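Residue numbers (the working numbering), protein chains in the order written: chain A, 3 to 88; chain B, 3 to 88.
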């Protein structure tokens, strides 16, 4: 499953396009975000991707969970959002 | 459907408990958040609620969308997250 890393500076429309592309190809995408700004962009991207995919008759849902990641030797808690066809 | 308003100051565990309660009762909950801090708390709450409900054998998914709301005569864009049983 392709993992898309989202930051607070990510453009939500660009992330939405990437999510829609991965969903069309494989039916399932994974988005990872650390911090409130990044999580906000990720959720907005999923909402926008829903619109893109609705045009193709594809309905998506998402499943958020916590995941521990190591960045520069530091453990951080990220939010992972799995996006999949309903 | 019950609507839970989440702010940046909401405790995510408290919101998670509320989501789990509404899902157990009615199978469907709606969470509304404005701003990155609030959206982050809402998503964390859904992730925590998944854990609570998994203990009851209930699997949830969520569907984010944009919604225009009027607060103090000003139009704001909120994120609405519909949480439902898979």
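Beta carbons are placed, not taken as given, at the ideal position from N, Cα and C, and that holds for glycine.
All figures in this text were calculated on a predicted structure; none of them were measured in a lab.
| query | result |
| --- | --- |
| Which runs of the beta strand (DSSP E) at least 3 residues long sit entirely within the segment 13 to 80 of chain B? Give them in chain order. | 30 to 35, 62 to 73 |
| Give me whichever residues DSSP pairs with residue 82/B in a beta bridge. | 34/B, 67/B |
| If you drop the 5 nearest sequence neighbours on each side, which residues of the same chain put their C-beta closer than 6 Å to that of residue 29/A? | 87 |
| Within the 8 Å Cβ cut-off, does residue 16/B reach chain A? | no |
| Just to confirm, are residue 83/A and residue 33/A a CB contact at a threshold of 8 Å? | yes |
| Is it right to say residue 9/B is buried, meaning 16 or more other beta carbons lie within 10 angstroms of its own, or is it exposed? | exposed |
| Going by Cα to Cα distance, which pick from 48/B, 38/B, 52/B is closest to residue 46/A? | 38/B |
| Closer than 7 Å, Cβ to any Cβ of chain A: which residues of the segment 23 to 40 of chain B, in chain order? | 38, 39 |
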